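**Student:**
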Amino acid sequence: MAVTGAILVLFLVGHMVGNLKTFAGPEAFNGYALWLREVGYPLVPKRGLLTLVEVVLVAAVVLHIWSAVALYRRAAAARPVRYATRRRSQAGGYVVHIMRWGGVTIALFVVYHLLDLTFGVANPAGGAATPYTRMIEGFSRWYVTLFYAVAVIMVGLHLRHGLWSAFQTLGLARGRQGLRVFAALLSAVLVLGFLSVPFAIMIGVVK
Amino acid sequence: MNLTLKIWRQHSPDEPGQMVKYHVKDVSPDMSFLEMLDVLNEGLILAGDDPVAFDHDCREGICGMCGMVINGVAHGEQKATTTCQLHMRHFKDGDVVTIEPWRAAPFPVIKDLVVDRSAFDRIIQAGGFVSVPAGAAPDAHAVPVPKGDADDAFDAATCIGCGACVAACPNGSASLFTGAKITHLGSLPQGRPERASRAKTMVEQMDLEGFGGCTNTGECTAVCPKGISLDVIARMNADFLKASR
Ligand code: FES
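Chains as they are written, first to last, in full-length UniProt numbering: chain A, 1 to 207; chain B, 1 to 245.
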């Protein structure tokens, strides 16, 4: 959970920074998308780095979900008889709900997100359009933007606990209360970064 | 005050149990929760009924025998308090109070509110000790211990092994208990040589007993009558990873 989560967080940071290229205009954004495919060429084949990243990400996602299912099944086996009273959370109950249901929401969103912007299947501009056009068209539908915003906020809430929890699981969090603040801050930065692009499209700053 | 109690009654480990409703009258606010149950039981015995079985021993919050889930919270809603130290002044006349045993597969119900916590004993047997004969209590200045280490060991050693952490954990994990024991022993010079191997054997035993995995929800430390911190779990993980390397 912790190791695969860490890989995914690193990817999110890169993804968010890449998104901010939007503000540099269509050429810069499309150029960046092209660069991702050609980085290191001819030393590495075209799409070489991208394919590597994709393989690692898919593996991380699969293992992350597999760990979650394993944890869930262990938890269910450890408490075969449930409490008659709804167990009242003494720690806010935040973690239990956000991690599990937030995780499911995020997984669904990622599927849609890939269909929309990567493959262009669910995109009004289609897969042949430039990445920039696909993005603008994708976010020109309010319900897509809404779904995106909900999912991104879920990611933030998921990471607020997940980041700190990863340090805890790897035995690094002992006595370092600052890590909780760090986790919350990094999550907030990611959420704001990811939300800035569709927000800019919505208010018409980016066309 | 008068209370309505809904208590889990289960005759034996293999028989199914159910929640049964009782009324207790004239409960004094100065009574402890267990004294209130004593009053209930006296009435049940006089009426020729089977009294409610529950664990208790010291009744002063230091032995770890008592423990029940009161209104959905292990040891009740009062923070850092064992069931025996919970007083009836925290309840109001007419309250309905549900009382259930710890719920976890490794803690099977023996009778009513009494569960078998031998799983904890087996975790201790797996490594919760110091192998060298450490002798009688050493002179305070014989082996210097840094203040920070002494504090860590002392804080962790306040764990009374009641099992509330398991009862409260949505995953049914025993990480807070095991972490406390590992921190308690591993922080002191006498326990340090076995620090990594101890973590490994104890964690393995914990998993073998069927406890769930920790997801750091923090429910355990919130109900812990001794306020053991989640730091002990980080410590357990660090020692365990070291031993697995
Ligand atoms: S009876 Fe000893 S701690 Fe409650």
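All residues carry an ideal CB built from backbone N, CA and C; glycine is no exception.
Please read these numbers as outputs of a predicted model, since none were measured by experiment.
Using beta carbons (cut-off 8 Å, strictly below), is M19 (chain B) in contact with chain A?
**Tutor:** Here residue 19 (chain B) refers to the residue found at position 19 of the second sequence. Yes - at least one Cβ of chain A is within 8 Å of the one on M19 (chain B).
**Student:** Count the C-beta pairs between the region 118 to 128 of chain B and the region 87 to 100 of chain B that are closer than 8 Å, then say yes if the count reaches three, no if not.
**Tutor:** Flag = no, the region 118 to 128 of chain B and the region 87 to 100 of chain B do not touch.
**Student:** Expressed to the nearest angstrom, what Euclidean distance is found between the alpha-carbon atoms of residue 208 (chain A) and A6 (chain A)?
**Tutor:** One cannot answer for residue 208 (chain A) here, as it falls past the ends of chain A, which runs 1 to 207.
**Student:** Assess contact between the region 128 to 147 of chain A and the region 187 to 203 of chain B, defined as three or more Cβ pairs (one per stretch) separated by less than 8 Å. Is contact present?
**Tutor:** Touching, no.
**Student:** Measure the CB-CB distance between L159 (chain A) and L190 (chain A) and report whether it falls below 8 Å.
**Tutor:** Taking the first sequence and counting its residues from 1, the one referred to as residue 159 (chain A) is at position 159. Taking the first sequence and counting its residues from 1, the one referred to as residue 190 (chain A) is at position 190. Result yes, Cβ atoms of L159 (chain A) and L190 (chain A) sit closer than 8 Å.
**Student:** Let me check you understand the geometry: is the CB of M65 (chain B) closer than 7 Å to at least one non-hydrogen atom of the ligand FES?
**Tutor:** Within the second sequence, numbered from 1, the residue matching residue 65 (chain B) stands at position 65. Yes, Cβ of M65 (chain B) sits closer than 7 Å to a heavy atom of the ligand FES.
**Student:** Any heavy atom of the ligand FES closer than 7 Å to the beta-carbon of G61 (chain B)?
**Tutor:** Here residue 61 (chain B) refers to the residue found at position 61 when the second sequence is read from its first residue. For the ligand FES, at least one heavy atom lies less than 7 Å from the Cβ of G61 (chain B).
**Student:** In this structure, how does DSSP classify A183 (chain A) when only helix, strand and coil are distinguished?
**Tutor:** Locating residue 183 (chain A) in the first sequence gives position 183, counting from the first residue. Of the three classes helix, strand and coil, the one that applies to A183 (chain A) here is helix, per DSSP.
**Student:** Just curious, the alpha helix (DSSP H) that V130 (chain B) is in, first and last residue?
**Tutor:** Against the second sequence, residue 130 (chain B) aligns to sequence position 130. Per DSSP, V130 (chain B) belongs to no alpha helix (DSSP H) and is neither H nor E.
**Student:** From K7 (chain B) to V115 (chain B), what distance separates their C-alpha atoms?
**Tutor:** Within the second sequence, numbered from 1, the residue matching residue 7 (chain B) stands at position 7. Within the second sequence, numbered from 1, the residue matching residue 115 (chain B) stands at position 115. Strictly speaking, residue 7 (chain B) in this sequence is Ile, with Lys absent from that position. Roughly 14 Å between the two C-alpha positions.
**Student:** What residues in the region 89 to 101 of chain B have a beta carbon less than 8 Å from any beta carbon of chain A?
**Tutor:** The region 89 to 101 of chain B vs chain A, Cβ under 8 Å: T98, E100.
**Student:** Please name the residues in the region 204 to 218 of chain B whose beta-carbon is closer than 8 Å to at least one beta-carbon of chain A, in chain order.
**Tutor:** Residues G210, F211, G212, G213, C214, T215, N216, T217, G218.
**Student:** Determine, using beta carbons only, whether L190 (chain A) comes closer than 8 Å to chain B.
**Tutor:** As a position in the first sequence, residue 190 (chain A) is number 190, starting the count at 1. Judged by the 8 Å Cβ criterion, L190 (chain A) is not in contact with chain B.
**Student:** Please classify L188 (chain A) as buried or exposed, where buried requires at least 16 neighbouring CB atoms within 10 angstroms.
**Tutor:** Numbered from 1 along the first sequence, position 188 holds the residue referred to as residue 188 (chain A). Note on identity: in this sequence residue 188 (chain A) is Ala, with Leu being the wrong assignment. Counting Cβ neighbours within 10 Å, A188 (chain A) comes out exposed, since fewer than 16 surround it.
**Student:** Leaving out the 5 sequence neighbours to the left and right, which residues in its chain are closer than 8 Å to H90 (chain B) when beta-carbon positions are compared?
**Tutor:** As a first step, residue 90 (chain B) must be located in the second sequence, where it is residue number 90. Only G76, E77, Q78 meet the Cβ criterion.
**Student:** State the Cα-Cα distance for the pair P51 (chain B) and K111 (chain B), rounded to the nearest angstrom.
**Tutor:** Taking the second sequence and counting its residues from 1, one reaches residue 51 (chain B) at position 51. Taking the second sequence and counting its residues from 1, one reaches residue 111 (chain B) at position 111. Those two C-alpha atoms are separated by around 11 Å.
**Student:** Going by DSSP in three states, A104 (chain B) sits in which element: helix, strand or coil?
**Tutor:** Looking up residue 104 (chain B) in the second sequence gives position 104. The answer is strand: DSSP assigns A104 (chain B) an E or B state.
**Student:** Would a check of beta-carbon distances place N2 (chain B) closer than 8 Å to chain A?
**Tutor:** Position 2 of the second sequence holds residue 2 (chain B). It does not; no Cβ of chain A falls within 8 Å.
**Student:** For chain A, check one thing: does any of its Cβ atoms lie closer than 8 Å to the Cβ of D231 (chain B)?
**Tutor:** Counting from one through the second sequence, the residue named residue 231 (chain B) turns up at place 231. So yes, D231 (chain B) belongs to the interface.
**Student:** Using a Cβ-Cβ cut-off of less than 8 Å, give me the residues of the region 73 to 84 of chain A that come near chain B, in sequence order.
**Tutor:** Taking 8 Å as the Cβ-Cβ cut-off against chain B, the residues of the region 73 to 84 of chain A that qualify are R74, A75, A77, A78, R79, P80, V81, R82, Y83, A84.
**Student:** What are the boundary residues of the alpha helix (DSSP H) that includes W101 (chain A)?
**Tutor:** For the purposes of this step, residue 101 (chain A) is taken as residue 101 along the first sequence, with counting starting at 1. Counting along the chain, W101 (chain A) falls outside any alpha helix (DSSP H), and DSSP gives it neither H nor E.
**Student:** Which of the three DSSP states, helix, strand or coil, is assigned to residue 252 (chain B)?
**Tutor:** For residue 252 (chain B) there is no data in the structure shown, the boundaries of chain B being 1 and 245.
**Student:** State yes or no: is the C-beta of G172 (chain B) within less than 8 Å of the C-beta of A78 (chain A)?
**Tutor:** To locate residue 172 (chain B), count along the second sequence from 1; it is residue 172. To locate residue 78 (chain A), count along the first sequence from 1; it is residue 78. The answer is yes: Cβ separation under 8 Å.
**Student:** What residue does the beta strand (DSSP E) around Y22 (chain B) start on, and which one ends it?
**Tutor:** For this step, residue 22 (chain B) is matched to residue 22 along the second sequence. Note, Y22 (chain B): beta strand (DSSP E), 18 to 24.
**Student:** Express the C-alpha separation of Q177 (chain A) and D57 (chain B) in angstroms, rounding to a whole number.
**Tutor:** Taking the first residue of the second sequence as position 1, residue 57 (chain B) is located at position 57. Taking the first residue of the first sequence as position 1, residue 177 (chain A) is located at position 177. Approximately 37 Å, taken between the alpha carbons.
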